[in-house]
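Quick note, the sequences are listed as chains A and B, same order.
Sequential numbering of the first sequence, starting at 1, is according to the working numbering.
Sequential numbering of the second sequence, starting at 1, is according to the working numbering.
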Amino acid sequence: MNTLTAEPEAITRFAAAVRAALSDLSAEEIDELTDGLEADLIEAASESATPEMGDPNHYANELRQAAGYPARATPTRGVRARIRAFPGEIRAEWQAIVERFGLGRFVDFFAALRPVWWVFRGWALYLLVAGLVGLWNALPATFVGWIILAGAVVVSVQFGRGRWLARWMRVPLVLGNILVIVAAPFLASWVVTATNMSAARASYVEESPWIPGVTMNGQQVTNIFAYDENGALLENVQLFDQDGTPLDLFGSDGPGAYSFDNLTYLVPNTDVPGRAAWNVYPLSVIDEGDVTKEGLPASDANPRVPKAPFTSVRPLAARDAVVSE
Amino acid sequence: MDTTQLLKGVLDVAVLAAVQHEDGYGYDIVRRLRGAGLGDVGEASVYGTLRRLYGAGALTSYVVPSDGGPHRKYYGINEEGRKMLDEQRVSWTAFANTMTGLLATGTTEKPAAVKTIGARA
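Take a look at the structure:
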C-alpha cells in the first residue's frame, strides 16, 4: 500500500479519466457509479503485483456495462462513429419537434421547395467553378459559362435526388451545403447589388432618354436670357458653341414650334436669313392657339419675348475699378 | 474457455453471494470473489454490478469515512437481495446440473442433441 498511496495523483487522474469516459451519463449516475472509486483503486493498486491501472476508458466501459447502462455509442475511437450517428440524431430530434408543434404542413411545403434549393446550390457550385476560372458573373456571359452552370445544376439536382452520390461524398456534401447556406446571404446581397446596378444603368438609359439639345443638371434648358455688363436684358443674342454650331436648346432645328409644357410654344427667330434660327435668344413664344395642326406657328402668330426671370441684374463691377485693384 | 464470458451471466448471483454473510466495500468484494476462485473477475465489473444491484433494491449501501484517505462505500444485502439470491441459486443449480449432464454424455452425441433441439419436425 505504501508505494501506491504515495502516488495518489495517479489514482486521482485515473478516476478523473473514468468519470470523463462516463460523461454522457447524468452527473447523478456518474456519482452513483464512481462513488468510492478512489478508495477501491488505491486498495486494488496496493494489492496488485503490477501497479498498473490499465485503460480508464476500458475500465469505465466495464463499469457502465456491469451497472446496466448502455455502452457509450463511441468508447474512445468513436469520434467518427459519433459523427456518423449525428445526422440520425438530428433527424430524430427534428422529427420530434415537428410532431410536437404540428409543423407537418410547413415541412411538406418546404420539402416541395427542395428542387429550388438544388438549383440554387448548383448555381453556387457554378460560381465556385467560374470563380476558379476567373469568371465573376452572377450569370454566365459566355457559352462556356452556361455549360458550366448547366453542369453544376445537373450535378446538384442529381445529388439532391440521391444519385451520383458515393458514400465518401456525403461528408463533403454536408460541409458544402453548410458553406452554401452560410454564403447564401452574401451571395444574395451581391446579386441584388449587381442587379440593381445594372438595372440602374438600364433605367438611366431607358427612362430618362438622352435629351437632345442643352440640359442643365439633367433638365432641359428652355430659354436663355442674356444680360449685358450693365445688367440690362439683351434681346436677339446669337449664340454658338465652341465649334461654331448654332446653340440650339432643343436640337430641333427647323421651322416648328417647340413646347415643353403644351401651353407656351417657343418659336425660332425668323430674322436670320436662310434658316429658322433657334440660336437667337431669348426665344420668342406664341400661344397655343397660334400653333397649326402641323406644329408650325400660324402665319398670323404674334411671337413675343417671354417674361424674363429678371428685368435687369446687377451690373458687373466697373472694369477700371477691377484693373486698379 | 473464456471464463469472463461465463462470468458475465453469473456475476449478479456471485456478488450477492459474496455479501450474503458480511457487508463489504467494492474492492473487498472483488477480493472475496477472487479468493473464492473467480480469478478473472474484473474490478470494474464487480463495482458496476454492485451499483446495479443497489439500484435494483437488492443491496443497501452506506459510506464509511476513512482516516486520511478517500471514503469507502459499503454494500450489504437486504431482504430483496436474499430473495433474489435464493431464486438465482435454484436456477443456477438447475442450469449447472444440465450443463454437467450435457457435458458428461460425451462429445459424440453432442451434435445430434443440438440437432434435435433445433429441428422443427
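The C-beta atom is built at its ideal place from N, Cα and C for all residues, glycine as well.
The structure displayed is predicted, hence computed values, not measured ones.
Test: residue i CB closer than 8 Å to a CB of chain B
i                : result
Ala67 of chain A : yes
Glu32 of chain A : yes
Arg64 of chain A : yes
Asp35 of chain A : yes
Asp40 of chain A : yes
Glu43 of chain A : yes
Tyr59 of chain A : yes
Thr76 of chain A : Low confidence applies here, because Thr76 of chain A scores a pLDDT of 49, under 50, leaving its location unreliable and the question unanswered by this model.
Where residue i falls, given that 16 or more other Cβ within 10 Å makes a residue buried
i                 : result
Asp271 of chain A : exposed
Asn217 of chain A : exposed
Thr215 of chain A : exposed
Lys73 of chain B  : buried
Ala18 of chain B  : buried
Val98 of chain A  : exposed
Trp118 of chain A : buried
Glu229 of chain A : exposed
Gly122 of chain A : buried
Met197 of chain A : exposed
Met169 of chain A : exposed
Ser156 of chain A : buried
Val171 of chain A : exposed
Leu113 of chain A : exposed
Tyr265 of chain A : buried
Pro115 of chain A : exposed
Ala27 of chain A  : exposed
Gly231 of chain A : exposed
Arg330 of chain A : Shown here, chain A extends from 1 to 325; a query on residue 330 of chain A therefore has no answer.
Pro65 of chain B  : exposed
Pro297 of chain A : buried
Asn61 of chain A  : buried
Tyr62 of chain B  : exposed
Val18 of chain A  : buried
Proximity of residue i and residue j at Cβ, strictly below 8 Å
i                 : j                 : result
Thr123 of chain B : Asn78 of chain B  : Nothing can be reported for residue 123 of chain B, as the shown portion of chain B is limited to 1 through 121.
Ala257 of chain A : Val267 of chain A : yes
Ile42 of chain A  : Ile11 of chain A  : yes
Ala44 of chain B  : Tyr59 of chain A  : yes
Ser312 of chain A : Tyr227 of chain A : yes
Ala183 of chain A : Ala124 of chain A : yes
Tyr47 of chain B  : Gly26 of chain B  : yes
Trp92 of chain B  : Val13 of chain B  : yes
Gly213 of chain A : Gly251 of chain A : yes
Ala330 of chain A : Ile148 of chain A : With chain A covering only 1 through 325, there is no way to say anything about residue 330 of chain A.
Gly220 of chain A : Phe260 of chain A : Checking the displayed sequence, the identity of residue 220 of chain A turns out to be Gln instead of Gly. Cβ distance < 8 Å, so Gln220 of chain A and Phe260 of chain A count as in contact.
Ile233 of chain A : Ala318 of chain A : First, the amino acid is wrong: residue 233 of chain A is Leu here, not Ile. Taking 8 Å as the Cβ cut-off, Leu233 of chain A and Ala318 of chain A do not qualify as a contacting pair.
Leu102 of chain B : Gln20 of chain B  : no
Glu235 of chain A : Val305 of chain A : yes
Leu22 of chain A  : Leu33 of chain A  : yes
Glu80 of chain B  : Ala104 of chain B : no
Ala194 of chain A : Ala141 of chain A : no
Pro273 of chain A : Asn223 of chain A : no
8 Å Cβ cutoff, residue i in contact with chain A
i                : result
Thr3 of chain B  : no
Glu80 of chain B : no
Thr49 of chain B : yes
Gly42 of chain B : yes
Taking any Cβ of chain A, which residues in the stretch 5-37 of chain B have a Cβ under 9 Å from it, in chain order?
Under the 9 Å Cβ criterion, the stretch 5-37 of chain B contributes Lys8, Leu11, Tyr25, Gly26, Tyr27, Asp28, Val30 and Arg31.
Counting pairs of beta carbons, one from the stretch 237-257 of chain A and one from the stretch 3-14 of chain B, are three or more of them closer than 8 Å?
No contact exists between the stretch 237-257 of chain A and the stretch 3-14 of chain B.
Can you give me, in chain order, the residues of the stretch 65-95 of chain B that have a beta carbon less than 8 Å from any beta carbon in chain A?
Ser66, Gly69, Pro70, His71, Arg72 and Lys73
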